[in-house]
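Novice: First residue of the sequence shown: 1, per the UniProt record's numbering; consecutive thereafter.
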Amino acid sequence: MKSSMISEQELRIIEEISRDKNLTQRKISHRLGLSLGMTNLILKRLVSKGYIKVKGLNRRKVQYILTPTGFAEKTKKSYRYFLKTIYSLQEMKKKIQHLVLTEYEKDETHFVILGKGELADIVELSLKGLNKSELEYRRVSRLEDINSSNAVVLLAESKPELRTSVRTNKYIDVLAVLSGS
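#1: Please go through the segment 63-145 and give each complete alpha helix (DSSP H) segment of 4 or more residues, from N-terminal end onward.
#2: Sort out for me which residues DSSP pairs Ile42 with in a bridge.
#3: What residue range does the alpha helix (DSSP H) around Ile52 cover?
#4: I need the DSSP call for Ile6, collapsed to helix, strand or coil.
#5: I need the DSSP call for Leu155, collapsed to helix, strand or coil.
#6: In terms of residue numbering, what span does the alpha helix (DSSP H) encompassing Leu170 cover?
#7: Just the C-alpha distance for Arg45 and Asn58, rounded to the nearest angstrom, thanks.
#8: Report, in whole angstroms, the separation of the C-beta atoms of Gln63 and Leu43, which I expect to be a contact under 8 Å.
#9: Could you say which of Lys61, Gln90, Glu91 and Glu157 lies nearest to Glu112 if we only look at CA atoms?
Now the structure itself:
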């Protein structure tokens, strides 16, 4: 049994098998958008690595069983993904805080977060974490609700039409800043 890092496709197949051990190769390939041949190849690789076992139920039907090694590898990969996600969120928060502090140092104290999704949540958490008593912010989900021409608008939406619609003294496209655009 060779222990090596598993690929994303291998992990996806392992996850499918852990959810439903009565899957056929055809169902796995359909659910994951892989060809039947590729699915067969990956399943054989997972068997050779010792991550899954194949149990013959009858001449035409097999059952895929996740081994303890396969379960451990799935857990390790999921944990690494979790840590990577947490790190990415922390980096986003730092960038947003740096962005806001740069404006704050220019005597900008009023901010409006425009957005209603996860990015707006992250922007709001970033501002809360600054602990600046003079810094004020509020969050709105619609452009019409801004009602302030002296606030810096932190655009936290991916809708392109909002980028050209913000008519205020200053606005910052948070998504563009985070993506380096």
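Glycine included, each C-beta is placed from N, C-alpha and C at the ideal position. The model shown is predicted, which means the values in this text are computed figures rather than measured ones.
Specialist: Looking at the atomic coordinates:
#1: Segments of the alpha helix (DSSP H) lying fully in the segment 63-145: 68-104 and 118-128.
#2: Ile42 pairs with nothing; no bridge assigned.
#3: Element bounds for Ile52: not the alpha helix (DSSP H) but the beta strand (DSSP E), Ile52 to Gly56.
#4: Reduced to three states, the DSSP call for Ile6 is coil.
#5: Leu155 sits in a strand when the DSSP states are folded into three classes.
#6: Contrary to the premise, residue 170 reads as Lys rather than Leu in this sequence. Element bounds for Lys170: not the alpha helix (DSSP H) but the beta strand (DSSP E), Lys170 to Asp173.
#7: Arg45 and Asn58 have their alpha carbons spaced roughly 22 Å apart.
#8: Under the criterion of beta carbons closer than 8 Å, Gln63 and Leu43 do not qualify as touching, at roughly 12 Å.
#9: According to the sequence shown, residue 112 is Val rather than Glu. Out of Lys61, Gln90, Glu91 and Glu157, Glu157 has the C-alpha closest to the C-alpha of Val112.
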